[in-house]
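The sequence shown begins at 2 in the working numbering and counts up one residue at a time.
Positions of the beta carbon are idealized from the N, C-alpha and C atoms, including for glycine.
Since the model is a prediction, treat every value here as computed from it, not as a measurement.
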Amino acid sequence: MDEHKVLVEECIKRDPKAQRRLYDLFASRLYAVCQRYTKSTLEAEDVLQESFIRIFNSIEKFRGESRLEYWMKRIVINTALNMQRSKLYMFPMAAVEDMKEIHSTQDTLASFRFEELLTMIRSLPAGCQVIFNLFAIEGYSHREIAELMNIKEGTSKSQYARARKLLQEMILKENRHLYETPIRNSSHTKE
2 MDEHKVLVEE
12 CIKRDPKAQR
22 RLYDLFASRL
32 YAVCQRYTKS
42 TLEAEDVLQE
52 SFIRIFNSIE
62 KFRGESRLEY
72 WMKRIVINTA
82 LNMQRSKLYM
92 FPMAAVEDMK
102 EIHSTQDTLA
112 SFRFEELLTM
122 IRSLPAGCQV
132 IFNLFAIEGY
142 SHREIAELMN
152 IKEGTSKSQY
162 ARARKLLQEM
172 ILKENRHLYE
182 TPIRNSSHTK
192 E
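In structure tokens:
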């Protein structure tokens, strides 16, 4: 029997040890998702906590049609979007139910200079931040984002283009800063 299936069955029975194991197995990866959709560490922690409450309260709905981590990630994304709704000044967002599981190299983005990228993504305007995450990180199409967020497809495309432009400017600024900083070479200094 699959290790996760046993863990899910124990969590359905509200076994605190099983719930702790589930949390320990997935919290750090799900926290990385939370960070991409929030503006601060405190907000990310709130999203993670609320997500695990929802996960534990609905664990019996997990049917094993997708990987457990993927099912939990959908709950985290929904929780993050719902918590950000008032900040986005957009129409209410639908739940992420029919999200396609995408296996791609985009998952490596989280491990490449994560803190620097996270800081840049968090500095984007809220609408750009959400659409960038949904399109570039989660792999949604602009049509799917438009349906999910009840906006026009063109709005999704323009917000993504704006997010990309802002991120490119931040990266260029960071690179310029690195190249403009004088490097002292002690072997060539005069005494």
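Going by beta-carbon coordinates alone, are residue i and residue j separated by less than 7 Å?
| i | j | result |
| --- | --- | --- |
| E70 | F133 | no |
| K153 | A162 | no |
| L8 | A19 | yes |
| L167 | L125 | yes |
| R165 | K40 | no |
Measuring only the C-alpha atoms, how far is residue i from residue j?
| i | j | result |
| --- | --- | --- |
| A33 | S159 | 26 Å |
| R144 | R21 | 38 Å |
| S59 | C129 | 30 Å |
| N176 | I78 | 31 Å |
| P17 | Y24 | 10 Å |
| D3 | G155 | 43 Å |
| F57 | I13 | 8 Å |
| D99 | R75 | Reliability fails at D99, whose pLDDT of 45 lies under 50, so the model's placement of it is uncertain and no value is given. |
| F63 | E139 | 20 Å |
| E10 | E61 | 8 Å |
| K6 | S52 | 20 Å |
| L118 | G65 | 33 Å |
| R68 | V131 | 24 Å |
| R15 | N151 | 36 Å |
| R55 | E46 | 14 Å |
Buried or exposed: which applies to residue i, given that a residue is buried once 16 or more other Cβ atoms fall within 10 Å of its Cβ?
| i | result |
| --- | --- |
| S142 | exposed |
| E116 | exposed |
| L149 | buried |
| L135 | buried |
| T109 | Note that T109 scores a pLDDT of 32, beneath 50, so its modelled location is shaky and nothing firm can be said. |
| S157 | buried |
| S112 | The pLDDT assigned to S112 is 35, lower than 50, so where the model puts this residue is not dependable; a value taken from the coordinates is nonetheless given after this. Result: exposed. |
Return the chain-ordered list of same chain residues with a C-beta closer than 8 Å to the C-beta of residue i, the five sequence neighbours on each side being excluded.
| i | result |
| --- | --- |
| V48 | C35, Y38, T39, V77, T80, A81, M84 |
| S105 | Reliability fails at S105, whose pLDDT of 37 lies under 50, so the model's placement of it is uncertain and no value is given. |
For residue i, which residues in the same chain have their Cβ closer than 6 Å to its Cβ, ignoring the five residues on either side in sequence?
| i | result |
| --- | --- |
| M121 | L168, M171 |
| W72 | F63 |
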